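Novice: So the sequence shown is numbered by the working numbering: it starts at -14 and just counts up by one.
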Amino acid sequence: MRDKLPEFATKKELFKYLIENKSKLIDQRKSKIITLDSPFSSSSLIKMAEPKSAGSNLSSSDSLRVKIVGNTSNWVDSHYDVILPNSVKRSLNNRKHLIPHLKDHDYKIDSEIGDVVDIYTENVSLRDLGLDIDGSTESLIMLSDVKKEYDERAFKKYKAGKANQHSIGLQYVKLELAINDPDEEKEYAAWQKYYDQIINKEVVDDSGFFWAILEYKLIEISLVLFGANELTPTLDSAKATPKNDTFNDTRKLEALNELLNVLN
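1. Along the chain, where does the alpha helix (DSSP H) that runs through Ile11 open and close?
2. If we count the other Cβ atoms within 10 Å of its Cβ and call it buried at 16 or more, is Thr(-5) buried or exposed?
3. Should Thr106 and Glu123 be called a contact, given that it needs their Cβ atoms to be closer than 8 Å?
4. Quick check: the stretch 124 to 133 against the stretch 89 to 99, are at least 3 beta-carbon pairs closer than 8 Å?
5. Find out if the Cβ-Cβ distance for the pair Leu155, Ile204 is shorter than 8 Å.
6. What residues are listed by DSSP as bridge partners for Ala175?
7. Residue range of the alpha helix (DSSP H) that Val188 falls in?
8. Quick one: what does DSSP say Asp95 is sitting in, helix, strand or coil?
9. DSSP state of Tyr2, grouped into three classes?
10. Please report the distance separating the alpha-carbon of Leu216 from that of Gln150.
11. Would you check if there are 3 or more beta carbon pairs closer than 8 Å linking the stretch -2 to 15 to the stretch 181 to 199?
12. Can at least three beta-carbon pairs, one atom from the stretch 136 to 149 and one from the stretch 173 to 187, be found at a separation below 8 Å?
13. Is Asp117 helix, strand or coil when you go by DSSP?
14. Between Ile153 and Leu125, is the Cβ-Cβ spacing less than 8 Å?
15. Under 8 Å, do Leu114 and Pro(-9) count as touching if we go by C-beta distance?
16. Give me the Cα-Cα distance between Ile4 and Val51, rounded to the nearest whole angstrom.
17. For a minimum of 3 consecutive residues, which ranges assigned as the beta strand (DSSP E) are wholly contained in the stretch 122 to 172?
18. Bridge partners of Tyr65, per DSSP?
19. Going by other Cβ atoms of all chains shown within 10 Å of its Cβ, with 16 needed for buried, is Phe140 buried or exposed?
20. Ignore the nearest five residues each way along the sequence and tell me which others in Ser121's own chain have a CB closer than 8 Å to its CB.
21. Take the Cβ of Ile94 as the centre, count every other Cβ of all protein chains shown within 10 Å, and call the residue buried at 16 or more, exposed below.
22. In the DSSP assignment, the beta strand (DSSP E) including Ser48 goes from what residue to what residue?
23. Thinking just about the alpha-carbon of each residue, which of Ile164, Ile18, Asp12 and Asp168 is nearest to the one in His90?
24. With a CB to CB cut of under 6 Å and the five nearest residues on each side skipped, what residues in its chain are close to Asn165?
Okay, structure coming up:
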């Protein structure tokens, strides 16, 4: 969750507050784990198409492999964040084997709903993400074997193709404030630099600002009822094959090393 901004009578007053408190706001955002969930849509003007429902060629009565979207780049979410392409690259290189598949950002052992097979980024069609427009964007993908024994209700939702909102837990590493005001030289330069790649521009046209997320540390990916970023469905699982065959071996090696440390 985030700290809510005060209400202002004019955009100029809002911009003044953001500029005067920018360092504090950035430090606050960097200092804690953030969960990208919200009951409010960030874009009401783009017609949403029906997302693809999940099928699977790797399923059984008690296990189902799913390909889910944890987050998408270039989309303004309901917190005015725009996650930029490659912003999760370093985090995936360093710790993707530690990322769990949870429900509702609940950091408890019995909140895990699947065994993670792989996590990576790929360009996904906007239509496959649920938008009725052409184009594509970099998306954070998780392959997970959802287990009935872990959470039967979550398993049934995925099995029925009704698990179509996901959200990430993250910690900010690098971010910039972008403001649509030529009087604010640095923030306006950020606006001009990133604005053209935003998919749902009407959101920032109305707000006059956004946060450009250049790098973040990925903590987890959760199944949620509402995500701050709506473009987080379960994709067609027929293509749910690992991108990196060494992923599970890395997980096993980590567990073995931890056990050896305990024994020693």
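C-beta: ideal position from N, C-alpha, C; glycine also. It should be emphasised that the depicted structure is a prediction, and the values quoted were computed from it without experimental measurement.
Specialist: Reading from the atomic positions:
1. Along the sequence shown, read from residue 1 onward, the residue named residue 11 stands at position 26. Bounds of the alpha helix (DSSP H) holding Ile11 are Lys7 to Lys15.
2. Within the sequence shown, numbered from 1, the residue matching residue -5 stands at position 10. Using a 10 angstroms sphere on the CB of Thr(-5), the tally of other CB atoms stays under 16, which defines it as exposed.
3. Within the sequence shown, numbered from 1, the residue matching residue 106 stands at position 121. Within the sequence shown, numbered from 1, the residue matching residue 123 stands at position 138. A contact, by the Cβ cut-off of 8 Å.
4. Touching, per the Cβ criterion.
5. Residue mapping note: residue 155 aligns to position 170 of the sequence shown, counting from 1. Residue mapping note: residue 204 aligns to position 219 of the sequence shown, counting from 1. Yes, the pair counts as a contact, with Cβ atoms nearer than the cut-off.
6. Numbered from its first residue, the sequence shown carries residue 175 at position 190. None; Ala175 has no bridge partner.
7. Taking the sequence shown and counting its residues from 1, the one referred to as residue 188 is at position 203. Looking at the DSSP string, the run of the alpha helix (DSSP H) that includes Val188 is Lys186 to Ser192.
8. Taking the first residue of the sequence shown as 1, we reach residue 95 at position 110. In the structure shown, Asp95 sits in a helix (DSSP, three-state: H, G or I).
9. Locating residue 2 in the sequence shown gives position 17, where the first residue counts as 1. Tyr2 sits in a helix when the DSSP states are folded into three classes.
10. In the sequence shown, residue 216 corresponds to position 231, counting from 1. In the sequence shown, residue 150 corresponds to position 165, counting from 1. Roughly 8 Å between the two C-alpha positions.
11. In the pairwise beta carbon analysis, the stretch -2 to 15 is classified as touching the stretch 181 to 199: at least three pairs are separated by under 8 Å.
12. Here the stretch 136 to 149 makes no contact with the stretch 173 to 187; the two share fewer than three CB pairs at distances below 8 Å.
13. Against the sequence shown, residue 117 aligns to sequence position 132. Coil.
14. What you label residue 153 is simply residue 168 of the sequence shown in a count that begins at 1. What you label residue 125 is simply residue 140 of the sequence shown in a count that begins at 1. Yes, the Cβ-Cβ distance between Ile153 and Leu125 is below 8 Å.
15. What you label residue 114 is simply residue 129 of the sequence shown in a count that begins at 1. What you label residue -9 is simply residue 6 of the sequence shown in a count that begins at 1. Going by C-beta atoms, Leu114 is not nearer than 8 Å to Pro(-9).
16. Residue 4 sits at position 19 when you count from the first residue of the sequence shown. Residue 51 sits at position 66 when you count from the first residue of the sequence shown. In this structure, the straight-line span from the alpha carbon of Ile4 to that of Val51 is close to 43 Å.
17. Every beta strand (DSSP E) of 3 residues or more that sits fully in the stretch 122 to 172 is shown, in chain order, as 151 to 164.
18. By 1-based counting over the sequence shown, the position of residue 65 is 80. Its beta-bridge partners do not exist; DSSP assigns none.
19. Numbered from its first residue, the sequence shown carries residue 140 at position 155. The residue in question, Phe140, is buried, as its Cβ has 16 or more Cβ neighbours within 10 Å.
20. Locating residue 121 in the sequence shown gives position 136, counting from the first residue. Taken in chain order, the residues that qualify are Asn108, Val109, Ser110 and Leu111.
21. Translated into the one-based positions of the sequence shown, residue 94 becomes position 109. It is exposed - the Cβ of Ile94 has fewer than 16 other Cβ atoms within 10 Å.
22. Start at 1 with the first residue of the sequence shown, and residue 48 comes out as number 63. Ser48 -> beta strand (DSSP E) spans Ser48 to Thr57.
23. Reading the sequence shown from its first residue, position 105 is the one you call residue 90. Closest by alpha carbon: Ile18.
24. Here residue 165 refers to the residue found at position 180 when the sequence shown is read from its first residue. Result list for Asn165: Trp176 and Gly193, in chain order.
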